[in-house]
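>
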Amino acid sequence: QSVLTQPPSVSGAPGQRVTISCTGSSSNIGAGYDVHWYQQLPGTAPKLLIYGNTNRPSGVPDRFSASKSGTSASLAITGLQAEDEADYYCQSYDSSLSALYVFGTGTKVTVL
Amino acid sequence: QVQLVESGGGVVQPGRSLRLACAASGFTFSRYPMHWVRQALGKGLHWVAVILSDERNKDYADSVKGRFTISRDNSKNTVYLQMNSLRTEDTAMYYCAKGYGDYDLFFDYWGQGALVTVSS
């Protein structure tokens, strides 16, 4: 079961800004564990997009940004492009559940 | 560059066993934790197991504990997932993922996946 909640879908026109929320609890995000984000293009493996709440790996465009506050985190995509259409997952660590590394429920981003 | 290549997937009957392998290259394999993450068709990601760089420390999701075993062979740069007593709900794409570090709790590279189908 996923313990981090994300909206099932968000959409925007090219050039617009979209945000994806990731809501956890006091045993994961709220406990101070970092949040990380992955992008999964259709038919491919996930790819690390953001690590340590706000950091972009080399090669990830700066139109992707993220933040964390309390028991939640969010991912923002500014200047939305067609190639950003994908599924996005947040991920953290949970000290209390049946799976230590927990993922969000996933959000499908559609570029209109 | 980092490459992770899974193998060993296939169709298996409930109750039977299967072993997945993930061959790694492009980094010093022995220094990093390795994970397995699975994804049922059309569903989300679920972490399955981790083995730390010391080869001894391992952990599992409760859903597979006692049935799956993760291991690694640092001389072959390969991590394995032995899956016993398979159930239909284990049907998924299984991804091998490299951990950023033993105490950095995320995955910086992923393989392309191995499909496991459990069906009679």
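Chains as they are written, first to last, in this note's numbering: chain A, 3 to 114; chain B, 1454 to 1573.
Where a beta carbon is used, it is the ideal one built from N, C-alpha and C, also for glycine.
The model shown is predicted, which means the values in this text are computed figures rather than measured ones.
Under 8 Å by Cβ, that's how I've got THR109 (chain A) and ASP89 (chain A) pegged, so tell me the actual separation to the nearest angstrom.
Contact holds; Cβ gap of about 7 Å.
> Beta-carbon of ALA48 (chain A) versus every beta-carbon of chain B: anything under 8 Å?
According to the sequence shown, residue 48 (chain A) is Pro rather than Ala. Answer yes: the Cβ-Cβ gap between PRO48 (chain A) and chain B drops below 8 Å somewhere.
> Spell out whether any CB of chain A is found under 8 Å from the CB atom of TRP1489 (chain B).
TRP1489 (chain B) does not count as touching chain A.
> Output yes if chain B places a C-beta closer than 8 Å to the C-beta of LEU102 (chain A); else output no.
yes
> Give the range of the beta strand (DSSP E) segment to which PHE1480 (chain B) is assigned.
First-last for PHE1480 (chain B): undefined, no H or E at that position.
> With which residues is ILE79 (chain A) paired in a DSSP beta bridge?
A:VAL20, A:PHE66
> Evaluate ASN57 (chain A) with the Cβ neighbour count: other Cβ atoms within 10 Å of its Cβ, from every protein chain shown; 16 or more gives buried, anything less gives exposed.
exposed
> Using DSSP with H/G/I as helix, E/B as strand and the rest coil, what is GLU1459 (chain B)?
strand
> Does chain A have any CB closer than 8 Å to the CB of ALA1474 (chain B)?
no
> To which residues does DSSP link GLN41 (chain A) through a beta bridge?
The partner list for GLN41 (chain A) (beta bridge, DSSP) reads A:LYS49, A:TYR90.
> Report buried or exposed for LYS1518 (chain B), applying the criterion of at least 16 other Cβ atoms within 10 angstroms of its Cβ.
exposed
> If you measure between the beta carbons of ALA101 (chain A) and TRP1500 (chain B), is that distance less than 8 Å?
yes
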